[in-house]
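Worksheet: one structure, shown below.
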Amino acid sequence: MSKPNELMSRVNERYSSLSKGQKLLATYITDNYDKAVFLTAAKLGKVVGVSESTVVRFATQLGYKGYPEFQKALEELVRNKLNSVQRMEVTYERIDQSEILDTVLSSDIDNIKHTLENIDHAAFDLAVETILSARKIYVIGIRSCAPLANFLSFYLKFIFEDVILLATSSANELFEQTMHITGDDVIIGISFPRYSMRTLKTLEFANNRNAKVITITDSVHSPMNLYSSCNLIANSDMASIVDSLTAPLSVINALIVALCMRKRDDVVTTLESLEQIWDEYQVYDNDELDYIGDSVKMRYSELGDVDE
């Protein structure tokens, strides 16, 4: 995968050898890379006023195997530069109103496929071993990543005794919550573009205290990886009104399952105890549905009869 500044370096180095049409493309991309990244070869050619074949030759002239590889390099350049308004504008350009459902679901499928093809299995195994050997497990995810952090910590608490989900109302509180972290602990940081500086600073703080750092992020170039020893990379749609976190959630699911398998006896014991508690205190009774024959009967707690 290209480094974030590699594409522009190639453009600058080879500009003098480009044709007139290719120089027009180079100028447009340099000035409008945040727009060019979302254009197909045909659309880019139309915007600049050159043919689609010229666009493809331009990509190969820069040393890429084709336009798709060139576009991936461009994505790396702008991955963390789009603001909310730009993301909205890009979504309007990319998705037809009549095809929203199919487009979004297909994009999520592609994200999972890409993640499956590229994820580092050795890093995944290392993450499992690191978590299993930790004294305490800290989890952090901010803003749109908060549901992922909540989901992960919820299930980790079924497996381990000391799991801490970091509350994120302020940066100062994050440091206060992690002030006792040591080299015997692990912190799992989850962040996708636009990356959270609070998450990054918390990982830096933990790393400085020799804690193990695991990241769940979108790219090897993610700043979250600056302080981590184990990076789990999951594809995320970089330009949408909402963040696509389907692939990251699948990676988290796999991580939980792997940990459950390694701690099977402990998990079974915990769940058996919880089932007894849930039954004794009717945790689920008030909102369960009983299917009786062809009808559905709602269970009610003993709060009195319900008027018919």
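Per this note's numbering, the sequence shown starts with residue 15, numbered consecutively.
We put the CB at the ideal spot given by N, CA and C, even for glycine.
Supposed contact pair threonine 129 and alanine 261 - C-beta distance, whole angstroms, cut 8 angstroms: Sequence index remark: in the sequence shown, residue 261 carries index 247 (1-based). Sequence index remark: in the sequence shown, residue 129 carries index 115 (1-based). 4 angstroms between Cβ atoms; contact.
Same chain, Cβ closer than 7 angstroms to alanine 272, five either side skipped, listed in chain order: Position 258 of the sequence shown, counted from the first residue, corresponds to residue 272. Cβ within range, chain order: Val142.
Extent of the continuous alpha helix (DSSP H) to which tyrosine 47 belongs: Taking the sequence shown and counting its residues from 1, the one referred to as residue 47 is at position 33. That run of the alpha helix (DSSP H) goes 34–50.
Local Cβ density within 10 Å of lysine 226, reported as buried at 16 or more and exposed below that: Taking the sequence shown and counting its residues from 1, one reaches residue 226 at position 212. Its Cβ being crowded by 16 or more others within 10 Å, lysine 226 is buried.
Contained beta strand (DSSP E) runs [length at least 3] in the segment 149–235, N- to C-terminal order: 151–155, 177–179, 200–204, 226–231, all fully within the segment 149–235.
Between the CA atoms of isoleucine 173 and asparagine 26 - distance to the nearest angstrom: Locating residue 26 in the sequence shown gives position 12, where the first residue counts as 1. Locating residue 173 in the sequence shown gives position 159, where the first residue counts as 1. In a straight line, the C-alpha of asparagine 26 is about 53 angstroms away from that of isoleucine 173.
Pairwise C-alpha distance: lysine 150 and glutamate 113: Taking the sequence shown and counting its residues from 1, one reaches residue 113 at position 99. Taking the sequence shown and counting its residues from 1, one reaches residue 150 at position 136. Looking at the two C-alpha atoms, the distance is approximately 46 angstroms.
8 angstroms contact criterion, which threonine 144 and valine 200 should meet: CB distance rounded: Within the sequence shown, residue 144 is the residue found at index 130, counting from 1. Within the sequence shown, residue 200 is the residue found at index 186, counting from 1. Their Cβ separation, rounded to whole angstroms, is 5 angstroms, which keeps threonine 144 and valine 200 in contact under 8 angstroms.
Counted within 10 angstroms of its Cβ, other Cβ atoms place aspartate 176 as buried (16 or more) or exposed: Translated into positions along the sequence shown, residue 176 becomes position 162. Classification for aspartate 176: exposed.
Member of Leu21, Ser147, His235, Val234 whose CA lies at the smallest distance from the CA of glycine 197: By 1-based counting over the sequence shown, the position of residue 197 is 183. Nearest C-alpha to glycine 197: Ser147.
Closest residue to isoleucine 195 among Phe219, Leu166, Leu214, Ser33 (Cα-Cα distance): As a first step, residue 195 is located in the sequence shown; it is residue number 181 there, counting from the start. Minimum Cα distance to isoleucine 195 is reached at Phe219.
Buried or exposed (CB count within 10 angstroms, at least 16 for buried), arginine 212: Residue 212 sits at position 198 when you count from the first residue of the sequence shown. Buried: at least 16 other Cβ atoms inside 10 Å.
Inter-stretch contact at 8 angstroms, needing at least 3 Cβ pairs: the segment 36–43 / the segment 67–83: The segment 36–43 is in contact with the segment 67–83.
Per-residue burial, aspartate 139 [other beta carbons within 10 Å of its own, 16 or more giving buried]: Within the sequence shown, residue 139 is the residue found at index 125, counting from 1. So aspartate 139 ends up on the exposed side.
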